[in-house]
Amino acid sequence: MTTHADTLPAVHDTGSGSAVLFLHAFTLDASQWDHQVAALSGDVRCIRFDCWGCGASPPPPAGDPTLDGYARAVLATLDSLRIDRVSVVGISMGGYLAFALWRLAPERIRALALCSTRAAADTDAARGERLAMAERVERDRSVESIVEPMVERLLGPQARGEAHIADPVRGRIRRCSPAGIAFAQRAMAARADSTELLASIDVPTLVVAGTQDAIIPLPEVRAMSDKITGSRLVELGCGHLCNLEEPRAFNAALGEFLVPVAAAS
Ligand code: MLT
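Note that the sequence shown covers residues 1 to 265 in my numbering.
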């Protein structure tokens, strides 16, 4: 039987030194982190994944779609690269995956950067919308119907008007297969609530929020940060995709956070 860990997602490995795992948002892929790799791969080893069905990854494996399954495949890939501990940078869905990793293997996590993400599980309404989108793209055999609605949700008002930001986001969405979109939506819909987990986080943690995020309201991110002992919150004047919308400020905050962690490892 094929399991999640047998069908490993594509991995992109850049630079050397202390390893940092970058986990992308829904409808994107590892290239979402290009600015960060350009800025940081001289200091740290940047490991990026494409979720199944997105970027260069194979289609999702058979079986129940879960973020825990994805997390196990990420851990298996780290094993194959002989990487024991990592700093984890997750944005949105990547943050949900970071919580799954923390639940499964906290001893492998050196530090956490949680960007534009939430600890809470979905409401029933949100879950229903996810499942409806999964069915729609599978029925259409196309992701075209979600391109503009996703750009509208993911980017803040200013970034939406900037072609050099918005067009590559459109391109990344179009490179996802219907099966990849359906996998991610069903996995996110099934994810556990991680609110109780926050008090157990005892590694250095950076939280990044976009003040105009249309998906995860700022007060929710502030409340999440408050529940993580010693976490540092950085607020950027942008929408949900803070690392693409405000790359300089994002890189400055992330570099300031990660480089000392890497030096101490
Ligand atoms: C993401 O950006 O990863 C997703 O939009 C998050 C979500 O749908 O909850």
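Glycine included, C-beta positions come from ideal geometry on N, C-alpha and C.
Beta-carbon proximity of residue i to residue j, cut-off 8 Å
i, j, result
"V143", "R170", "no"
"M133", "Q212", "no"
"A113", "V137", "no"
"D68", "A100", "yes"
"V44", "V74", "no"
"I215", "R160", "no"
"H24", "C51", "yes"
"M337", "L254", "Given that the chain is displayed from residue 1 to residue 265, the structure contains no residue 337 and the question cannot be resolved."
"L244", "I181", "no"
"C54", "G15", "no"
"L97", "A71", "yes"
"L241", "L104", "no"
"S177", "P260", "no"
"S265", "S18", "yes"
Beta-ladder partner(s) of residue i, from DSSP
i, result
"A19", "R45"
"V89", "F22, A113"
"R232", "L206"
"T14", "C46"
Which listed residue (the options) has its alpha carbon closest to that of residue i
i, options, result
"D167", "T229, V151, A249", "V151"
"G128", "M188, V86, E162, G63", "M188"
"R139", "L23, H164, A179", "A179"
"A30", "D13, R48, S16", "R48"
"V234", "C115, A119, R130, P260", "C115"
"F183", "R130, I165, T14", "R130"
"M93", "R191, G53, V259, D202", "R191"
"N251", "S41, Q158, A199, S16", "S41"
"T77", "C242, L8, E245", "L8"
"A119", "I83, R82, A39, S200", "S200"
"T218", "D202, T229, G237", "For the sequence presented, residue 218 should be read as Leu rather than Thr. Minimum Cα distance to L218 is reached at G237."
"D193", "R82, L81, P157, T117", "T117"
"P247", "I228, R103, P260, A39", "A39"
"V270", "G239, A249, F22, A262", "Past the edges of the chain, shown from 1 to 265, lies residue 270, and the structure says nothing about it."
"S57", "A10, I91, L241, E196", "A10"
"T229", "T27, A163, P157, E196", "E196"
"P149", "R82, D226, G95, F26", "F26"
"V221", "P60, P59, W102, G95", "G95"
"I91", "K227, L28, D226", "L28"
"E162", "G239, S145, D226, I83", "G239"
Which residues end up in the neighbourhood of the ligand MLT when you take C-beta atoms closer than 5 Å to any of its heavy atoms? A25, F26, S92, M93
Given 8 Å, three or more beta-carbon pairs between the stretch 195-208 and the stretch 161-178: No: the two stretches stay apart, fewer than three of their Cβ pairs being nearer than 8 Å.
Stretch pair the stretch 80-88 + the stretch 105-120: three plus CB contacts closer than 8 Å: yes
How about the stretch 33-40 and the stretch 49-68: do they share at least three Cβ pairs that are nearer than 8 Å? Put simply, the stretch 33-40 does not touch the stretch 49-68. Fewer than three CB pairs are less than 8 Å apart.
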